[in-house]
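The sequence shown begins at 4 in our numbering and counts up one residue at a time.
Positions of the beta carbon are idealized from the N, C-alpha and C atoms, including for glycine.
Please read all numbers here as calculations on a predicted model, not as lab measurements.
Take a look at the structure set out below.
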Amino acid sequence: MKKVVATAKTIDDAVQKALEELSVPREKVSVRILEEPSRGLFGLIGSRDAKVEVEVQYDPVDQGLAFLQDVLANMNVDARVEMRRGEEGMLFDIQGANLGMIIGRRGQTLDSLQYLVNVVANRHADKHVRIVLDAENYRQRRKETLEQLAERVSRKALAMKRSVRLEPMSAAERKVIHSFLQKRTDVVTYSEGEEPNRYIVIAPKEASS
């Protein structure tokens, strides 16, 4: 992490000088006092300034945000990112017009970008943080679509009295369907196949035994 050494008449002044050079607020740094100030003999002879080492603390959320903003700029996407705490972690909500290229087919680009943001954010973090990316409320819209699909396929499996296999999905999307159907007593769900072609099977409960 970036750090500087600064000197001044007092420790507070030396810290402030370092903060101005680093362009960060006080709460984002750690301070190590290298030398205490000394007035010397008669306040003149042998006087010594305070010396401090100020280091910027690693913030995984800030690192993830900076990476995402760089990616958006390199893609020439005119968008802003709003951060807020979500159910699954820190949510980075990408806001702007025409964000289809950020979302990609069935959210594949958004998922890939989310993976990279998490890798960058956590590479030096002491404690893992979870960052979720969203754009144009895609996550909620996709969740509703998957739940509707789960309902339709459940009815189909019951009507046909046999298991029905869904198309391959990401782990996150499979989780939505498993969670949505787990309280039902008439169907069961399980996953089969290997990544990235792993898929869900929905089956009538009596047919699954």
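According to the DSSP secondary-structure assignment, Ser194 is paired through a beta bridge with Ile203.
Looking at the backbone, the Cα of Glu56 and that of Lys6 are separated by about 7 Å. By the CB criterion at 9 Å, Leu119 and Phe70 fall inside the cutoff. Ala138 is positioned such that its CB atom lies closer than 9 Å to that of Leu102. Under the 10 Å beta carbon count, Gly196 is surrounded by fewer than 16 other beta carbons and is classified as exposed.
Ala11 has its alpha-carbon roughly 45 Å from the corresponding atom of Glu91. In the DSSP secondary-structure assignment, Gly99 is bridged to Ala82. Between Ala162 and Ile205, the CB-CB gap reaches or exceeds 9 Å. Unbroken beta strand (DSSP E) runs of no fewer than 3 residues, entirely contained in the segment 17 to 52, are found at 32 to 38, following chain order. If one requires a minimum length of 3 residues, the beta strand (DSSP E) runs lying completely within the segment 118 to 179 are 134 to 138, in chain order. The segment 29 to 38 makes contact with the segment 51 to 67, as at least three CB pairs between them are under 8 Å. In terms of Cα proximity to Val74, the closest of Gln111, Tyr141, Ile105 and Glu170 is Ile105. For Glu209, the three-state secondary structure derived from DSSP is helix.
Between Glu170 and Tyr202, the C-beta spacing is below 9 Å.
When DSSP states are grouped into helix, strand and coil, Gly89 belongs to the strand group. Each residue's CA atom was taken as its position, placing Arg158 and Glu176 some 20 Å apart. No Cβ-Cβ contact shorter than 9 Å links Ser166 with His181. In terms of Cα proximity to Leu25, the closest of Arg133, Ile134 and Val59 is Val59. Where Lys6 is concerned, the enclosing beta strand (DSSP E) starts and stops at Lys6 to Ala11. Spatial neighbours of Arg133 in its own chain (CB-CB distance under 8 Å, excluding positions within 5 residues in sequence) are listed in chain order as Glu91, Gly92, Met93 and Asn121.
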